[in-house]
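Undergrad: Got a structure for you, written out below as structure tokens; questions coming shortly.
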Amino acid sequence: MLDKIRNKVLSGKRLTEADALKLFQSNDLFPLASLASYVAEEKNGKKAYFVRNRHINPTNICVNRCRFCAFSRSIGQDGAYELTIAEIIKKLKQGRAKSKIPFSEVHIVGGLHPEWPFTYYLELVSTIKKNFPKLHIKAFTAVEIDYFSKISGLSLEETLTSLKRRGLGSMPGGGAEIFAPGIRNRLCPEKISGERWLAVMAAAHKVGLRTNATMLYGHIESYEDRVDHMMKLRRLQDRTGGFQAFIPLAYHPKNTDIQGSYTSGIDDLKTIAISRLYLDNFQHIKAYWVMLGEKISQLALKFGADDIDGTIIEEKITHSAGALTGEQLTAEQLSDLIIKAGRIPVERDSFYRKVRRAQ
Amino acid sequence: MKKTRQKKHTVKKRTRPCIPTSDRITKKEALAMLRSADLLDLGMTADNMRKQLHPEGIVSFVVDRNINYTNVCINKCTFCAFWRDEDARDAYILDKETLFQKIEETLDLGGTQILIQGGLHPSLDIDYYVDLLKSIKARFEINIHGFSPPEICYIADSSDLTIREALRILKGAGLDSVPGGGAEILSDRVREILSPRKIKSSRWLKVMETAHRLGMRTTATMMFGSVESAEDIITHLDAVRELQDRTGGFTAFIPWSFQSGNTELGAKGKGQRARNKKDQRSKFKVQNPVTAVEYLKVLALSRIYLDNIDNIQASWVTQGLKLAQVALRFGANDFGSTMIEENVVASTGVSFRTSKQEIINAIRSAGFIPAQRDTCYNILRTFEEGA
Chain A
1 MLDKIRNKVL SGKRLTEADA LKLFQSNDLF PLASLASYVA EEKNGKKAYF
51 VRNRHINPTN ICVNRCRFCA FSRSIGQDGA YELTIAEIIK KLKQGRAKSK
101 IPFSEVHIVG GLHPEWPFTY YLELVSTIKK NFPKLHIKAF TAVEIDYFSK
151 ISGLSLEETL TSLKRRGLGS MPGGGAEIFA PGIRNRLCPE KISGERWLAV
201 MAAAHKVGLR TNATMLYGHI ESYEDRVDHM MKLRRLQDRT GGFQAFIPLA
251 YHPKNTDIQG SYTSGIDDLK TIAISRLYLD NFQHIKAYWV MLGEKISQLA
301 LKFGADDIDG TIIEEKITHS AGALTGEQLT AEQLSDLIIK AGRIPVERDS
351 FYRKVRRAQ
Chain B
1001 MKKTRQKKHT VKKRTRPCIP TSDRITKKEA LAMLRSADLL DLGMTADNMR
1051 KQLHPEGIVS FVVDRNINYT NVCINKCTFC AFWRDEDARD AYILDKETLF
1101 QKIEETLDLG GTQILIQGGL HPSLDIDYYV DLLKSIKARF EINIHGFSPP
1151 EICYIADSSD LTIREALRIL KGAGLDSVPG GGAEILSDRV REILSPRKIK
1201 SSRWLKVMET AHRLGMRTTA TMMFGSVESA EDIITHLDAV RELQDRTGGF
1251 TAFIPWSFQS GNTELGAKGK GQRARNKKDQ RSKFKVQNPV TAVEYLKVLA
1301 LSRIYLDNID NIQASWVTQG LKLAQVALRF GANDFGSTMI EENVVASTGV
1351 SFRTSKQEII NAIRSAGFIP AQRDTCYNIL RTFEEGA
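From first to last, the protein sequence lines are chains A and B.
Under the working numbering, the first residue of the first sequence carries the number 1, and numbering increases by one thereafter.
Under the working numbering, the first residue of the second sequence carries the number 1001, and numbering increases by one thereafter.
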């Protein structure tokens, strides 16, 4: 069964949705891994990337109540928090003062705050840029961008352009979850539809912002839903080419409404491998270690991934839902994981360019 | 291959070789594989061997509790965070009331076995152990898997008995089987660094051989990822395989990786890494923590090399459930124990806790049929879908 798919891959033909589904249903773990590794090497050689980054979550107050989320709170609720711009700048300064080599990227995502105006976000971006001109700002999921456009009355493109003008460098890929409407309505009824998510990304790509794309799997979706999700991403990528990396996110069950269990390590690795094979127009597949665990992320480098994200430093969203990992890894630890997996570690910037540093 | 489950505590005269002896890999081949084989190639070979040995697709586990009767230990191994001096404030010997209560709870949870292990306590002699075993057996019907070879030797030595005499007395008092701990790495060069006061390799093997000859089944373990070389790992595997050829008494092999937290050796490794080199006085270098790739390589090689041992355990306690699931495709066919209680690994700060139900779910979602087994790997109950 795999032979047909292997031949297709080796001769550079695209896999169909039926092929991807077959791979999910198959138990042939090792041929799948070899094939995905082969493709990863074709695309990125022996390299595996990491980045010195820091996460900031400005608030956990959110108007949406996604059933898989353990992070969100209402105003005044126990555990609700809001960071001022000054507090965020302070966090960034502290972080940069602590390490000899400063992080090169800040990753900012947060809840949809019912009271903050769009100007808060504009000011946040421009203040960071003013304080740290060289720091790359990767911020705001498609869900947040859509929300900003609603509260500001601006179009998507206008919203994105005004953020970009103030220093937004690129966008993460969160909020995609699973596009299939039936599942999406049960998972996150208040959240924008899959179509809208894709429309925001198309707009971002159009104004020249590169983005990532994610998929949250392992909750109530079927393999068909996963394939459908990847199909929609591949289609948009054909049109825009604006996605940098695809990041499958393993569902975490703790403190969420839908509960259930953690995904199996084998499912995590298969999902990485299948995405590498199916998403032939994505340059990078990222094994995000916070959600997969550093052990499975390292193994993912043998299953088609070429990126394990970064130093992170502080992580709140996955940790609210029972993350099994710590909140940070050092660049040395990330390199060690990559080398032991037989790959060459490359510290990248936010556009996958090798970071060169004077000794 | 026809699968015959062992009846309790009998030792086969000679184990049937799982693959023809002529196809056995040699030490030299194994070393080359460990050093340079690709992880996926090793995994696929091990996975195929596991399928041949266990074609039913069952992954077993035992419901048990680790009971550590004392943490006082004269060995003070550098990789251990559990030991205390006799006069330490938190030194303890478990009283019987607590012990019985722990056993009762274990039985209530469907447990079939207790693993009793402790430190080498200078004030306890064989009478203590005999009384301990007898008092348990008088009250409970439960398998006692107890006393790793360093303890057996210490008990024998401090009562002027031979290993054989000590084992016979303990067996007579109710000891059913012997856990494979204390093997660490069966290379005296490494033991000299890790645990200079612990029994040497030959004595560890002697205890196991004697236990097997007395009709007791045992397991064998290996702790890797500290200061050993690839050669040392192969030496270890070969010693176990050679003994198993002669006795057939090992039920399972359990490799796990050194957990460095709160240990002398861990602190040393950290210091060496901080200085970015081994210190001048030190003759060895402590390795970086074992990563998933290295764990799976050693696990897969164990499955391949130990063709005469039926079962290979994945260590979820040290590796976490997700990697343990992946290990089931890299040669492992057993998930160890539910560990209602575990103290030794937990003292290094690593604590993957889990319930029987989580273990069943984990095995199932990895694509296998979960089954509860007894100490000798007889299947007691399978948990089909929906159970």
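All C-beta atoms in this analysis are idealised placements derived from N, C-alpha and C, irrespective of residue type, glycine included.
Among A/Glu42, A/Leu249, A/Glu332, which one has its Cα closest to the Cα of A/Ala176?
TA: Taking the first sequence and counting its residues from 1, the one referred to as residue 176 of chain A is at position 176. Of A/Glu42, A/Leu249, A/Glu332, the residue nearest in Cα terms is A/Leu249.
Undergrad: Taking the beta carbon of B/Ala1374 as the centre, do at least 16 other beta carbons fall within 10 Å, making it buried, or is it exposed?
TA: Stepping through the second sequence from its first residue, residue 1374 of chain B is reached at position 374. The residue you asked about is not Ala; residue 1374 of chain B is Asp in the sequence shown. Buried.
Undergrad: Which same chain residues end up closer than 6 Å to A/Ser149 when comparing Cβ atoms and leaving out the 5 residues on each side of it in sequence?
TA: Numbered from 1 along the first sequence, position 149 holds the residue referred to as residue 149 of chain A. Closer than 6 Å at Cβ, skipping near neighbours: Leu156, Thr159.
Undergrad: Would you call A/Tyr81 buried or exposed, if buried means 16 or more other Cβ atoms sit within 10 Å of its Cβ?
TA: By 1-based counting over the first sequence, the position of residue 81 of chain A is 81. Burial call: exposed.
Undergrad: Mind listing, in chain order, the continuous beta strand (DSSP E) runs of no fewer than 3 residues lying wholly within the region 1044-1085 of chain B?
TA: If we require 3 residues or more, the beta strand (DSSP E) runs fully inside the region 1044-1085 of chain B come out as 1058-1062, 1064-1068.
Undergrad: Expressed to the nearest angstrom, what Euclidean distance is found between the alpha-carbon atoms of B/Pro1122 and B/Arg1191?
TA: Locating residue 1122 of chain B in the second sequence gives position 122, where the first residue counts as 1. Locating residue 1191 of chain B in the second sequence gives position 191, where the first residue counts as 1. The alpha-carbon atoms of B/Pro1122 and B/Arg1191 are separated by roughly 21 Å.
Undergrad: Using a beta-carbon distance below 8 Å, is A/Gly45 in contact with chain B?
TA: The residue labelled residue 45 of chain A in the question sits at position 45 within the first sequence. With 8 Å as the cut-off, A/Gly45 does not count as an interface residue toward chain B.
Undergrad: State whether the region 283-298 of chain A contacts the region 319-327 of chain A, with contact taken as three or more CB pairs (one from each stretch) at a distance under 8 Å.
TA: Output reads yes: the region 319-327 of chain A touches the region 283-298 of chain A.
Undergrad: According to a CB-to-CB cut-off of less than 8 Å, which residues of the region 302-319 of chain A neighbour chain B?
TA: From the region 302-319 of chain A, only Lys302 have a Cβ closer than 8 Å to chain B.
Undergrad: Just the Cα atoms here: how many angstroms apart are B/Ile1116 and B/His1145?
TA: Translated into the one-based positions of the second sequence, residue 1116 of chain B becomes position 116. Translated into the one-based positions of the second sequence, residue 1145 of chain B becomes position 145. Computed Cα separation, rounded: 6 Å.
Undergrad: Would DSSP call B/Lys1102 helix, strand or coil?
TA: Position 102 of the second sequence holds residue 1102 of chain B. B/Lys1102: helix per DSSP, three-state reduction.
Undergrad: Helix or strand or just coil, what does DSSP make of B/Ile1369?
TA: Here the question's residue 1369 of chain B lines up with position 369 in the second sequence. The answer is strand: DSSP assigns B/Ile1369 an E or B state.
Undergrad: Kindly list, in the order they appear in chain B, the residues whose Cβ is closer than 9 Å to that of A/Phe30.
TA: As a first step, residue 30 of chain A must be located in the first sequence, where it is residue number 30. Simply Leu1040, Asp1041, Gly1043, Met1044, Asp1047, Arg1329.
Undergrad: What residues from chain A crowd round B/Thr1318, counting only those whose CB sits closer than 9 Å?
TA: For the purposes of this step, residue 1318 of chain B is taken as the residue at position 318 of the second sequence. Those within 9 Å of B/Thr1318 in chain A number zero; the least Cβ separation is about 11 Å.
Undergrad: Relative to the C-alpha of A/Arg428, which residue among A/Val200, A/Phe103, A/Leu10, A/Asp280 is closest?
TA: What the structure shows of chain A is the stretch from 1 to 359, and residue 428 of chain A is not part of that stretch, so it cannot be assessed.
Undergrad: I'd like the span of the alpha helix (DSSP H) that includes A/Val143, first residue to last.
TA: Taking the first sequence and counting its residues from 1, one reaches residue 143 of chain A at position 143. Residues 142-152.
Undergrad: Verify whether the separation of the beta carbon atoms of B/Leu1107 and B/Ile1142 is less than 8 Å.
TA: Walking along the second sequence from the start, residue 1107 of chain B turns up at place 107. Walking along the second sequence from the start, residue 1142 of chain B turns up at place 142. Contact flag set, yes.
Undergrad: Would A/Tyr217 and A/Arg226 qualify as a contact pair, given that the criterion is a beta-carbon distance under 8 Å?
TA: As a first step, residue 217 of chain A is located in the first sequence; it is residue number 217 there, counting from the start. As a first step, residue 226 of chain A is located in the first sequence; it is residue number 226 there, counting from the start. Contact: yes.
Undergrad: Alpha helix (DSSP H) containing A/Pro31: first to last residue?
TA: Taking the first residue of the first sequence as 1, we reach residue 31 of chain A at position 31. Start and end: 29-44.
Undergrad: When you compare the CB of B/Thr1021 with every CB in chain A, is at least one pair closer than 8 Å?
TA: As a working note, residue 1021 of chain B is residue 21 in the second sequence. Because the pLDDT of B/Thr1021 is 49, which lies under 50, any placement of that residue in the model is unreliable, and the number read from its coordinates should be weighed accordingly. Chain A, which has no Cβ nearer than 8 Å to the Cβ of B/Thr1021, makes this no.
Undergrad: So, does the CB of A/Ala18 fall closer than 8 Å to a CB anywhere in chain B?
TA: Locating residue 18 of chain A in the first sequence gives position 18, where the first residue counts as 1. Output row for A/Ala18: interface = no.
Undergrad: Report the neighbours of A/Asp268 on chain B: residues whose CB is nearer than 8 Å to its CB, in chain order.
TA: Reading the first sequence from its first residue, position 268 is the one you call residue 268 of chain A. Residues of chain B passing the Cβ test: Lys1322.
Undergrad: Considering only the alpha carbon of each residue, which of B/Pro1196, B/Phe1082, B/Phe1250 lies closest to B/Gly1214?
TA: Counting from one through the second sequence, the residue named residue 1214 of chain B turns up at place 214. The amino acid at residue 1214 of chain B is misidentified as Gly; the sequence shows Leu. Closest option to B/Leu1214, Cα to Cα, is B/Phe1250.
Undergrad: Leaving out five residues before and five after B/Lys1171 in sequence, what residues of the same chain have Cβ atoms less than 7 Å from its Cβ?
TA: Translated into the one-based positions of the second sequence, residue 1171 of chain B becomes position 171. Excluding residues within five positions, the ones whose Cβ falls inside 7 Å are Leu1214, Met1216.
Undergrad: Going by DSSP, which residues form a beta bridge with A/His136?
TA: Sequence index remark: in the first sequence, residue 136 of chain A carries index 136 (1-based). Answer by DSSP bridge pairing, in chain order: A/Glu105.
Undergrad: Please list the partners that B/Gln1325 has in chain A, where partner means a Cβ-to-Cβ separation under 7 Å.
TA: For the purposes of this step, residue 1325 of chain B is identified with residue 325 of the second sequence, where counting begins at 1. Those are Ser264, Gly265, Ile266, listed as they occur along chain A.
Undergrad: Does the region 1145-1157 of chain B come close enough to the region 1196-1211 of chain B to have 3 or more Cβ pairs within less than 8 Å?
TA: Yes, they touch.
Undergrad: Only counting the same chain, and skipping five residues up and downstream in sequence, which positions put a Cβ closer than 6 Å to that of A/Ala180?
TA: Counting from one through the first sequence, the residue named residue 180 of chain A turns up at place 180. So the list reads Asp225, Asp228, once near-sequence residues are dropped.
Undergrad: Using a Cβ-Cβ cut-off of 8 Å, state whether A/Gly293 counts as contacting chain B.
TA: Taking the first sequence and counting its residues from 1, one reaches residue 293 of chain A at position 293. For A/Gly293, the answer is yes, since a Cβ of chain B falls inside 8 Å of its Cβ.
Undergrad: Counting only Cβ-Cβ distances shorter than 7 Å, please list the residues of the region 1255-1276 of chain B near chain A, keeping chain order.
TA: Residues: none.
Undergrad: Just mark A/Thr271 as buried or exposed, buried being the case when its beta carbon has 16 or more other beta carbons within 10 Å.
TA: Here the question's residue 271 of chain A lines up with position 271 in the first sequence. Looking at its Cβ environment, which holds 16 or more other Cβ atoms inside 10 Å, A/Thr271 is buried.
Undergrad: Mind checking the region 1136-1152 of chain B against chain A and listing, in chain order, the residues whose C-beta falls within less than 9 Å of any C-beta there?
TA: Listed in sequence order: no entries.
Undergrad: Which first and last residues belong to the beta strand (DSSP E) in which B/Gly1336 is found?
TA: Position 336 of the second sequence, counting from 1, holds the residue named residue 1336 of chain B. Run containing B/Gly1336: 1334-1337, per the beta strand (DSSP E) assignment.
Undergrad: Please report whether the beta-carbon of B/Lys1333 lies at a distance below 8 Å from any beta-carbon of chain A.
TA: Stepping through the second sequence from its first residue, residue 1333 of chain B is reached at position 333. Note that residue 1333 of chain B corresponds to Asn in the displayed sequence, not to Lys. No, because no Cβ of chain A sits closer than 8 Å to the Cβ of B/Asn1333.
Undergrad: I'd like the span of the alpha helix (DSSP H) that includes A/Phe24, first residue to last.
TA: Reading the first sequence from its first residue, position 24 is the one you call residue 24 of chain A. Note, A/Phe24: alpha helix (DSSP H), 17-25.
Undergrad: Given a cut-off of 8 Å, decide if A/Phe303 and A/Ala245 are closer than it, judged by their beta-carbon atoms.
TA: Translated into the one-based positions of the first sequence, residue 245 of chain A becomes position 245. Translated into the one-based positions of the first sequence, residue 303 of chain A becomes position 303. Not closer than 8 Å, so no.
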